[in-house]
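In what follows, a single structure is set out as structure tokens and then discussed.
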Amino acid sequence: MKKVVFHFELKSKGSLANVFLYPEQEEVSVRLETDSKRKEWKSNPFELLIEEPFEYVLQVFGVSGTEWEAELKIVSKPENKPFLKWSGTTGDTRRNISVRKKPIINLP
Numbered sequence: 125m126k127k128v129v130f131h132f133e134l135k136s137k138g139s140l141a142n143v144f145l146y147p148e149q150e151e152v153s154v155r156l157e158t159d160s161k162r163k164e165w166k167s168n169p170f171e172l173l174i175e176e177p178f179e180y181v182l183q184v185f186g187v188s189g190t191e192w193e194a195e196l197k198i199v200s201k202p203e204n205k206p207f208l209k210w211s212g213t214t215g216d217t218r219r220n221i222s223v224r225k226k227p228i229i230n231l232p
């Protein structure tokens, strides 16, 4: 197992109702803050004890057809390292929701 510090960020073209990131099969989502228009969602850096491979569930809720992009970075100096990237349109997996569970990858 490895201790890793992450930072999550999501941007959308329209307002989103909610965004949840559940890392490592946790039942509690990472706390995300949003701007007043609900188009940008981000976390403060958070530390996790990771067992390879890294598993997660990302859920994005909004009016169907809202485009979004998200990235999970590993916090390191001098700059954060990209780890996972996703993109989609709400409603692409179920009505008004996008769900991502893949790719499941090992830490660098």
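Under our numbering, the sequence shown has 220 at position 96, and the numbering climbs by one with no breaks. Think of the CB as a built atom: it goes at the ideal place given N, C-alpha and C, for glycine as much as any other residue.
How big is the Cα-Cα spacing for residue i and residue j?
i	j	result
residue 192	residue 125	31 Å
residue 127	residue 173	4 Å
residue 139	residue 161	6 Å
residue 133	residue 194	6 Å
residue 230	residue 206	13 Å
residue 217	residue 201	36 Å
residue 165	residue 130	14 Å
residue 197	residue 135	14 Å
Which residue comes first and which comes last in the beta strand (DSSP E) that contains residue i?
i	result
residue 215	Residue 215 -> no beta strand (DSSP E), and no H or E assigned at all.
residue 142	140–147
residue 172	170–174
residue 128	126–136
residue 184	180–186
residue 222	221–224
residue 229	Run containing residue 229: none; DSSP gives neither H nor E here.
residue 196	191–198
residue 166	164–166
Which whole-angstrom value is the C-beta distance of residue i and residue j, which I expect to be below 8 Å?
i	j	result
residue 228	residue 178	7 Å
residue 225	residue 181	5 Å
Using 10 angstroms around the beta-carbon of residue i, count the other beta-carbons present and answer buried if the total reaches 16, otherwise exposed.
i	result
residue 187	exposed
residue 211	exposed
residue 141	exposed
residue 232	exposed
residue 147	buried
residue 222	buried
Using only alpha-carbon positions, find the residue among the options that is nearest to residue i.
i	options	result
residue 156	149, 197, 144	144
residue 220	152, 190, 149, 175	190
residue 215	167, 150, 183	183
residue 199	163, 167, 175, 152	167
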